[in-house]
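K.L.:
I have a structure I would like to understand better, so I am pasting it below and will then ask my questions one at a time.
Dropping the structure here:
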């Protein structure tokens, strides 16, 4: 049974324009999206093998094809140049040996971020303020788990990892139909106007970001009120508050570094990403792997 807000608390929420969040929070609770018992069925981790990356890229491919966001690729995987960067992290949720969910966190670099394709001006404004940016990308859930709380746990670990890596912002380019959830529940804010994204077959997109410098206070102010039935402050601010030594063992900042054979497999054998990349882009890729012989990787 949902406990009703006392009148003073209700007025407080209305004044802060958080009343929609109240409704959504109740729905989160009813849907068990913060129920940890379901999360125990999954092993959520950074992909650290070619097999795990392949399964993650295949899941993204299949979901994007089913949504009309891309045409099928002969490799059966969705990969881009940012996946070649050693600092990029692909998170997976494993269920009985299979990848049931995945999301990728990309850190700003000389290659920029994926959303620079249509939102470079907006991202450059953040960079001009000296902010360290990251972008969440490649979110995909198996159809068997889209109605559960898997999304919340995948996002939770991406969110915590971004904080652990000391970035200032997580940026996302999302379909406008999802903006209400990201803004009202996850407390993102829009920073870019509606545009159409060639990378996903011209689908509409809005650029949003969450400020990690202020997010702790924002979540505490919004969700730690006693009147809330769903305390997302506690939910999101536990994964990275533990022992930093234990955290670094499971989620090392370096993560998996692709071997020359991995790079050849994903970017030469299965796709032509390296072949299509500009000389400038490849020069940066080479600088990330100074001890690799790229002539062998590219052939």
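In this note's numbering, the protein residues as written are 189 to 487.
Heads up, the beta-carbon is just placed ideally off N, CA and C, and yes, glycines get one too.
Going by the DSSP bridge assignment, what does residue 393 pair with across the sheet?
P.N.:
Answer by DSSP bridge pairing, in chain order: 383.
K.L.:
To the nearest angstrom, how far is it from the Cα of residue 218 to the Cα of residue 248?
P.N.:
Any answer about residue 218 is weak, because its pLDDT of 49 lies below 50 and its placement is not dependable; what the coordinates show is given next. In a straight line, the C-alpha of residue 218 is about 28 Å away from that of residue 248.
K.L.:
For residue 406, which residues in the same chain have their Cβ closer than 7 Å to its Cβ, ignoring the five residues on either side in sequence?
P.N.:
Result list for residue 406: 375, in chain order.
K.L.:
How should residue 396 be labelled, buried or exposed, when 16 other C-beta atoms within 10 angstroms of its C-beta is the threshold for buried?
P.N.:
Residue 396 is buried by the Cβ-count criterion.
K.L.:
Measuring alpha carbon to alpha carbon, tell me which residue in 292, 421 and 379 is nearest residue 342.
P.N.:
Checking every option, the nearest Cα to that of residue 342 belongs to 292.
K.L.:
Tell me, which residues are paired with residue 326 by DSSP?
P.N.:
DSSP, once it has assigned bridges, lists no residue as partnering residue 326.
K.L.:
May I have a chain-ordered list of the beta strand (DSSP E) segments no shorter than 3 residues that lie completely inside the stretch 287 to 356?
P.N.:
As far as the stretch 287 to 356 is concerned, its whole beta strand (DSSP E) runs of at least 3 residues are 321 to 329.
K.L.:
Are the beta-carbon atoms belonging to residue 553 and residue 306 less than 7 Å from one another?
P.N.:
In the structure as shown, the chain starts at 189 and stops at 487, and residue 553 therefore has no counterpart that could be examined.
K.L.:
Please check the pair residue 232 and residue 278, which I expect to be a contact at CB under 8 Å, by giving their CB distance rounded to whole angstroms.
P.N.:
Not really, about 12 Å apart at Cβ, beyond 8 Å.
K.L.:
Under 7 Å, do residue 281 and residue 230 count as touching if we go by C-beta distance?
P.N.:
For residue 281 and residue 230, yes; Cβs fall inside 7 Å.
K.L.:
Check whether the Cβ atoms of residue 294 and residue 313 sit closer than 7 Å, and answer yes or no.
P.N.:
No, the pair does not count as a contact, with Cβ atoms beyond the cut-off.
K.L.:
Which partner residues does residue 360 have in the DSSP bridge list?
P.N.:
According to DSSP, which records beta bridges pairwise, residue 360 is partnered with 396.
K.L.:
Could you work out which residue in 425, 471 and 386 is closest to residue 257 when comparing CA atoms only?
P.N.:
Here the closest residue by C-alpha is 386.
K.L.:
Span of the alpha helix (DSSP H) holding residue 447?
P.N.:
First-last for residue 447: undefined, no H or E at that position.
K.L.:
Please go through the same chain and pick out, in chain order, the residues whose beta-carbon is closer than 7 Å to the beta-carbon of residue 462, but skip the five residues on each side of it.
P.N.:
Closer than 7 Å at the Cβ level, and outside the excluded window around residue 462, lie 455, 456, 470 and 486.
K.L.:
In or out: residue 474 buried (at least 16 other Cβ within 10 Å) or exposed?
P.N.:
Per the 10 Å Cβ criterion, exposed.
K.L.:
Can you give the Cα-Cα distance for residue 453 and residue 325, rounded to whole angstroms?
P.N.:
Each residue's alpha carbon lies about 22 Å from the other.
K.L.:
What residues in its chain sit with their C-beta under 8 Å from that of residue 273, if we drop five residues either side in the sequence?
P.N.:
Counting only Cβ-Cβ distances below 8 Å, and skipping sequence neighbours, we find 294, 295, 297, 299, 473 and 476.
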